[in-house]
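One structure is given here, and the rest of the page talks about it.
Numbering (this note's numbering), first residue to last: 6 to 405.
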């Protein structure tokens, strides 16, 4: 019997057909640790699953990978579901995966933790970025399903609490693959047109799968980018989503979100009344102080007797005039005494005193006093001044 000789590719194809036709290998679960993980630009994922004894090559094609809710990584322990087949080119068998499930935790939980860690590192949860809520909002936008209880609970809480606020509903889906882009679009629409002072987004309770739209990275980034403060109200008290971390304020329930969004008008009125009483008391006290001050001013002499000031000034002027006169007299007394002494001295030296004792002053015709007889020609006229009157004389003879 002639022995058939196979080519390498024929042999590989034969083995591939045998593997593909075996029902037990068409759907197998394999537990192992991911190693040599690589994501190619084509979108296909290549890695190996290993345990303490061995390893097997694995591939997860792009179409299947679209359903992953977590990011595979080296060292991660998973359970892979797939078909055992052979890669003809290399002649190596591999596990063609249909899905991956993190071992010990669900894939949703794994995806949640991975996205939470990623966004935390990027700073999307930083407290410094969170915006304060306006104290008295005029318009509150609610991004949720129009058919759910969220909008009903919010309206029921807000109407009696703060009826001045306008509630604007932007209906979106809150579950399913279409929900994240609709929520993102509503957030951007409210911000673009500045339609509200506060945004509330959320939904009622449910499973992790039901709430998954609010664990979507696109929704978290849209909340972070919002210029209008966002309150996240997803599920009930135990439920926590990525949207809660990215929002400016997290509310445990939609009712609590309404309470956080607006004040209680009863409390505001009470505060206003308290402020009003405080202002009235303060003004009353101030008016009483002003009244007392006005009374003190009215009792002052300047108002009761306006001319008293003038009279006082007259007295001061008279006193100043008297003091000035005394000072002037005091300063003039000594010069007067000196003047009197000088006058007495001059009087003693005065020719008139000499004349009073019987002497005479003789002067020529020009009035110049005569001192020598030789200076007077005979026959000239001279004048002799006496104490009382004068004599006109003619010189008859001059004697030396």
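Virtual Cβ for every residue (Gly too), placed ideally from N, Cα, C.
Measure the Cβ-Cβ separation of residue 174 and residue 156 and say whether it is below 8 Å. Less than 8 Å divides the Cβ of residue 174 from the Cβ of residue 156.
Rounded to the nearest angstrom, how far is the Cβ of residue 238 from that of residue 262, given a contact under 8 Å? 4 Å
Can you tell me which of 88, 17, 62, 119 puts its alpha carbon nearest to the alpha carbon of residue 28? 88
Assign residue 94 to one of three DSSP states: helix, strand, or coil. In this structure, residue 94 counts as coil in the three-state DSSP scheme.
Residue 309 classed as buried or exposed, judged by whether at least 16 other C-beta atoms fall within 10 angstroms: It counts as exposed.
When the Cα of residue 172 is compared with those of 231, 149, 185, which residue comes out closest? 149
Alpha carbon to alpha carbon, how far is residue 407 from residue 298? Only positions 6 to 405 of the chain appear in this structure, which leaves residue 407 out of reach.
What is the DSSP secondary structure of residue 8, counted as helix, strand or coil? coil
Do three or more CB pairs link the region 116-134 to the region 41-59 at distances below 8 Å? no
DSSP state of residue 123 mapped onto helix, strand, coil: helix
Give, in chain order, every unbroken run of the beta strand (DSSP E) that is at least 3 residues long and sits entirely within the region 113-160. 144-149
Reduced DSSP secondary structure (H/G/I, E/B, other) of residue 52: If DSSP states are grouped into helix, strand and coil, residue 52 belongs with the strands.
Determine, using beta-carbon pairs with one atom in the region 245-262 and one in the region 270-288, whether at least three such pairs fall under 8 Å. Too few Cβ pairs lie closer than 8 Å, so no.
Quick check: the Cα distance between residue 339 and residue 351, rounded to an integer number of angstroms? If you take the alpha carbons of residue 339 and residue 351, they lie about 18 Å apart.
From the DSSP output, which residues share a beta bridge with residue 82? 38
Judging by CA-CA distance, which residue of 398, 132, 61 is the nearest neighbour of residue 97? 61
Compare the Cα-Cα distances from residue 376 to each of 404, 305, 223, 169 and report the closest residue. 404
For residue 285, the first and last residue of its enclosing alpha helix (DSSP H): 270-303
Using a Cβ-Cβ cut-off of 7 Å (strictly less than) and excluding sequence neighbours within five positions of residue 232, which residues of its own chain qualify? 196
Cβ neighbour criterion (16 or more within 10 Å) applied to residue 323: exposed
N- and C-terminal bounds of the alpha helix (DSSP H) containing residue 309: Per DSSP, residue 309 belongs to the alpha helix (DSSP H) from 306-309.
How long is the line joining the alpha carbons of residue 34 and residue 72, rounded to whole angstroms? 18 Å
Please state whether DSSP places residue 341 in a helix, a strand or coil. helix
Contact belief for residue 269 with residue 143 at Cβ below 8 Å, rounded distance in angstroms: That pair is no contact at about 17 Å.
Beta-carbon within less than 8 Å of residue 11's beta-carbon, same chain only, minus the 5 sequence neighbours each way: which residues are those? Only 19 meet the Cβ criterion.
What is the DSSP secondary structure of residue 31, counted as helix, strand or coil? coil
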